[in-house]
Each structure stands twice: as structure tokens, then as C-alpha cells.
Amino acid sequence: MSAADARNPSDLQLDAFAIDLRDLMDRSVANLYSHLVTRPTGRAVRLAIESQLRELSLPAVSLVDLSSVSILDYSCADEVVAKLLLARRARIRPHREVYFVFQGLRPHHREPILEVLYRHGLAAVTRGGAPEEPAELLGVVSPEETASWERLEALGQVRGDRIHEIFPRDGLQEALDELVERGLAFRHPGRGDVHALSTLLQEKP
Amino acid sequence: MKVIEVPDTLDYRGVEGLMAGLADVEDGKTLLDARHLRWIDPVGMVSLLGAGRVLAQRTGTRPRFQGPESGQVAGYLARMGFFEAGAQEMELDAPRRRAGGSSDVLLEITPIAENHHVHAVVDRVQERAGAILSRTLRYPPSAVIQFAVILSEVCQNILEHAEAPGWVAAQSYNWSRRLGRNVLVLAVGDLGRGFKGSLGPEHAGRFGDRWSDATALEAAFIHGLTRFPDQGRGQGIQQMRKQVRRWDGVIAVRSGTARIADVPEWDDLPPLERDLPSFPGAQITIILPEHREESS
Chain A
67 MSAADARNPS DLQLDAFAID LRDLMDRSVA NLYSHLVTRP TGRAVRLAIE
117 SQLRELSLPA VSLVDLSSVS ILDYSCADEV VAKLLLARRA RIRPHREVYF
167 VFQGLRPHHR EPILEVLYRH GLAAVTRGGA PEEPAELLGV VSPEETASWE
217 RLEALGQVRG DRIHEIFPRD GLQEALDELV ERGLAFRHPG RGDVHALSTL
267 LQEKP
Chain B
1043 MKVIEVPDTL DYRGVEGLMA GLADVEDGKT LLDARHLRWI DPVGMVSLLG
1093 AGRVLAQRTG TRPRFQGPES GQVAGYLARM GFFEAGAQEM ELDAPRRRAG
1143 GSSDVLLEIT PIAENHHVHA VVDRVQERAG AILSRTLRYP PSAVIQFAVI
1193 LSEVCQNILE HAEAPGWVAA QSYNWSRRLG RNVLVLAVGD LGRGFKGSLG
1243 PEHAGRFGDR WSDATALEAA FIHGLTRFPD QGRGQGIQQM RKQVRRWDGV
1293 IAVRSGTARI ADVPEWDDLP PLERDLPSFP GAQITIILPE HREESS
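Sequences listed follow chains A and B, in order. So for the first sequence, my numbering puts the first residue at 67; every next one is plus one. So for the second sequence, my numbering puts the first residue at 1043; every next one is plus one.
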């Protein structure tokens, strides 16, 4: 990624990689399984995701698409959602350089995902099924992290030299650092600009 | 030949009588005498299959099963797939023809031994549960998915913890006399290691002399302990409890000589029972009552 590209998020050479879980289940588990249930199924799907992550140039945004998953149980939510984020938190490669967004969340996906996030003290950036639905931060987050995330989400990106102005040092700036550390926001390694993950996912014009 | 009389009502309460009848059987030929059986639900059927297997394991010979005299009960057993499942465990004479269709059955007795069995059960129930949950129990449409998730988790309990195959079955009933409402009864049973055996190597030391079937059930049911060090494990039972509570239902887990349960106001099952007749493995019962405005 070149530093000159950092001003416009659409110019970032950040791999944004969409993974359709339905498609992945068809190819990697068994095409007769129509639901994301049971721990072995979840494990197989996660391994398939991880195998695709290893092909990416890093850092990368991984869009895990749940829109075609009709049933998601707690074991699968733990194996897929929590374990990907746990590997990132444990700084395992390539996860530590991947920013995960879980897309296509329907109401019945929320509870298993929330449960596993709470259980492990994790948080995730999610989006609903419709394009107009805003991104949402789910899981264990402090009030300051929530405030920082919402401010960043509203702005889309903040240039490195303006962060101290927009995120004053009354907890918001520290919270922004924490969001970056947790993979819930992206900081350009060259310029220090910070981007909301949803902005990075927007299609290039 | 040792005769074990099957109680005339074999439901989640009546199974204790069946299990007590097995206590002193050690060898020789056995007969499970179900001639007087007048009422049986999925809990009773799964327990009856378990009893057959226990007797075969103890005596080295499959027990003889004497079916019910009531044609209605025999027909119902046939529709629930009892004779197909039972043929593995007992010597029995299945009715010549399956009585009636299976359209009124929510989930026939289904063996659970591998991961793909859980997928098959979830698929099958999703097709059939909609009408029962919405029309019979008056639950919202989203309940089908929540019920399928419960079913998945409860079946996985067999695969993950029992290390032995088991069975699952579900059906709805009109409990007009007992409750004045329709209910759905879901039963899962296995003859595996049981909760005490599953958790023992990891947790028994901390409990010392207090370690028992009852403390193992409390550890898993109330505190979410599992034999796995992974913090993500043990959620299944907790999430089932939460959902069953929302539906004002009963969830009871019996293992070894103890049973623990979340009991709503409409039932009087004790929350914890010890010193029950010993029975291997684990048996999980879920009873979901028809929704009423005042119960929400």
C-alpha cells in the first residue's frame, strides 16, 4: 500500500474480500447441508475461510456474508465468528492483519452472534442484509469505544493530522486506538488516517 | 425370564418407574412388558429404547418386547418409528403395516450418532415445525428457527459429551386435562458417559467427596461447565435454558441418579432430584406449552 493513496479510502489498496458462507458451505462442507449448525460444520467453514485468508495480500478486509444462512446455532457462531476474532486478538497470522465485517445479519443471527461475542469479550462490525442498512458495532465495547466508533462511522475516515481535533484526549482518542487495535477500525500504516471499515467496503467508483 | 413391567403411562414422569424396574436385572432373559401401556410420549419412547439397550448390555441378550394391547398406542408407536428404532435393541414384532401416515408427527424417533444426523433432523423439523409452533402453540414465526437451534444444540450434546449414540423425538399433544393447553414434547437420550463421567476428569477434584451425578448436573446446567478448556463450550445448555424460559417451558436433564430442571409455575417437577434409579447416559426433556397472553 503506498502512502500517497491514503487520502481517499476508495484508493486504498486494501484487499476487500467477500466470503459467502453459503457458497463456502457448498464447496467445503457438503452441499446437502443447508444450515450452519453443529460444531464440526462450523469448524470446516472456518478452516475454509482461513484457507482463503492465506491467499490475500495483507492487510485485508474480509466480508463474511451470512445473508444466505437460514439457521445459525451457537456452536457455529462460536466456531466461525468468535474463533476468527479470537485468532485476530491472539495476533495469529494472517488474522491479525485482517479486518472482519459480518454482513447480511438477520434478526435470528444476532442472538447467537451476540452470545459468543459476550462470552469471549469480543466485538464485531456487522451489517444487515439491505445495502441501506448502516453498519453496527456488536459485542463488548466501552461507552467511549461506542462513541468513537459512531463518530468515525459518521465521518467515514479521519486524516491522521486531524485525529486529535475530532477525537479529543478525554477518552475518545484512546478509545479510537483501542478500536484500531481490536480490528474494528483501520489505521493507514503510512499516514495514520483512520477509516471506518464500512467505508473500506464501499465499491470503487 | 425376568419381566419388567412398563408403566401404563410412560411420559417424563412415568419413566422413573421403568428405570426402577431395571435396577436388579443382571443376567438372564428379560421381557419388557408393555401390554398395558396406554399413554406414551417421546420421553417414554426414548427411555424404552434406552431400557432395551441397557438390558442387552447387562445380560448379553436383547430383551423381548411385548407390545401394547391397545391398537391405538401400537399404531402411534409405529408412526413415531419406534419399531424400526427398537429392532436394533429388542426382539419385537412390529405391526405388519405402518398405521396411518406420518403427517401428524413432528419428529419421529431418529438415531443421532454423527454430525450429519443433526443436519437431517434440523432440516426435517424446519419443514414440519412451522404449523405446530404457529398454529398449535401460537408462537411467532421466528420460533421455528429458535426451535431448530435448540434441537441442534440438544442433539450435539449427545455427540460432544456422551461419546455414544442416542435418539431424539418430538411431538405435540393436547394436555387438556393436565394443563388445558397444547404442548410440544422434545426428548433426547443417550446411554453414554453421563454428565458425571464427562465432567469428572476435569472437575471432580474440586468437588471432592461432594462429586456426584447431582453436582455434575448443577455444574453443567447452572454454571455452564464442560470438559473442554475452550471458553466457547458449554453454551448449548445455557442457551436452551434461556429460550425455554422465554417460552415458559420445562427443561429437565436426567443423568445417572439425578435430575435437574428449570420448572415454570404450571409444573411441579422438583428443581433437583437425587437418588433416582440409576440409568446410564443423559436424558433431556423439553416441554413447550401453548402461548397464552398472560404467560408472556
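Even glycine gets a Cβ: it sits at the ideal position worked out from N, Cα and C.
CB-CB length for residue i against residue j, believed under 8 Å
i, j, result
"L1201(B)", "I1154(B)", "7 Å"
"L218(A)", "V164(A)", "That belief does not hold up - the Cβ atoms of L218(A) and V164(A) are roughly 19 Å apart, past 8 Å."
"A1076(B)", "F1107(B)", "7 Å"
"L119(A)", "P178(A)", "Actually they do not touch by this definition, with Cβ atoms about 22 Å apart."
"V1292(B)", "I1326(B)", "V1292(B) to I1326(B), Cβ: 11 Å. No contact."
"P1312(B)", "D1290(B)", "Not quite, the Cβ-Cβ distance comes to about 18 Å (not below 8 Å), so this is no contact."
"H175(A)", "L132(A)", "6 Å"
Residue from the options with nearest C-alpha to residue i
i, options, result
"F1270(B)", "D1251(B), P1243(B), I1293(B)", "P1243(B)"
"V1163(B)", "P1137(B), I1174(B), W1209(B)", "W1209(B)"
"L183(A)", "A220(A), R248(A), A241(A)", "R248(A)"
"L1134(B)", "E1156(B), R1166(B), T1072(B)", "T1072(B)"
"E198(A)", "L152(A), V103(A), S264(A)", "S264(A)"
"G1222(B)", "G1086(B), P1331(B), G1070(B)", "P1331(B)"
"L1314(B)", "G1059(B), M1282(B), I1264(B)", "I1264(B)"
"A1190(B)", "G1266(B), E1169(B), V1088(B), A1206(B)", "E1169(B)"
"L138(A)", "G108(A), Q223(A), S117(A), L238(A)", "G108(A)"
"A316(A)", "L238(A), A190(A), S123(A), L221(A)", "Only positions 67 to 271 of chain A appear in the structure, and residue 316(A) is not among them; the question remains open."
"R1275(B)", "L1318(B), K1284(B), D1165(B), A1262(B)", "A1262(B)"
"A220(A)", "E211(A), E181(A), A262(A), A196(A)", "A262(A)"
"A114(A)", "R193(A), L150(A), R157(A), H230(A)", "L150(A)"
"R1283(B)", "Q1188(B), L1241(B), A1116(B), E1111(B)", "Q1188(B)"
"R1219(B)", "S1112(B), V1048(B), W1308(B)", "W1308(B)"
Residue i to residue j span [Cα, whole Å]
i, j, result
"Q1273(B)", "D1310(B)", "34 Å"
"T1051(B)", "W1217(B)", "14 Å"
"L1091(B)", "L1149(B)", "16 Å"
"G226(A)", "L267(A)", "20 Å"
"S1297(B)", "V1088(B)", "14 Å"
"E240(A)", "E216(A)", "14 Å"
"A1093(B)", "W1081(B)", "17 Å"
"V146(A)", "V135(A)", "13 Å"
"A1206(B)", "P106(A)", "17 Å"
"R1055(B)", "L245(A)", "53 Å"
"I1046(B)", "S1214(B)", "28 Å"
"L1097(B)", "L1074(B)", "9 Å"
"L1193(B)", "R235(A)", "49 Å"
"R257(A)", "Q223(A)", "12 Å"
"M1132(B)", "R1100(B)", "13 Å"
"P209(A)", "H186(A)", "18 Å"
"R1288(B)", "R1334(B)", "12 Å"
"K1238(B)", "G1172(B)", "36 Å"
"D243(A)", "T1299(B)", "54 Å"
"T104(A)", "D1251(B)", "35 Å"
"D1255(B)", "E1156(B)", "26 Å"
"Q1198(B)", "R228(A)", "52 Å"
"E1058(B)", "C142(A)", "35 Å"
"M1043(B)", "L1318(B)", "25 Å"
"L1259(B)", "A1246(B)", "12 Å"
Coarse secondary structure for residue i, derived from DSSP in three states
i, result
"F1125(B)", "helix"
"Y140(A)", "helix"
"L119(A)", "helix"
"G1143(B)", "With a pLDDT of 48 at G1143(B), under the threshold of 50, the predicted position of this residue should be treated as unreliable, and no value is reported."
"V1115(B)", "helix"
"W215(A)", "helix"
"L1314(B)", "strand"
"G170(A)", "strand"
"D1075(B)", "strand"
"S133(A)", "coil"
"Y1215(B)", "strand"
"V1295(B)", "strand"
"Q1130(B)", "coil"
"M1061(B)", "helix"
"L98(A)", "Here the model assigns L98(A) a pLDDT of 41, short of 50, so the residue's position is not dependable and the matter cannot be decided."
"A262(A)", "strand"
"D243(A)", "helix"
"R193(A)", "strand"
"R1095(B)", "helix"
"A1324(B)", "strand"
Does the contact criterion of 3 or more C-beta pairs under 8 Å hold for the segment 1317 to 1329 of chain B versus the segment 1227 to 1245 of chain B? yes
Could you check whether the segment 1060 to 1077 of chain B touches the segment 240 to 259 of chain A, counting it as contact only if at least three pairs of C-beta atoms, one from each stretch, sit closer than 8 Å? no
The segment 1180 to 1187 of chain B contacting the segment 114 to 130 of chain A, beta-carbon criterion three pairs below 8 Å: no
Using a Cβ distance threshold of 8 Å, determine whether the segment 169 to 182 of chain A contacts the segment 196 to 209 of chain A, with at least three qualifying pairs required. Segments in contact, yes.
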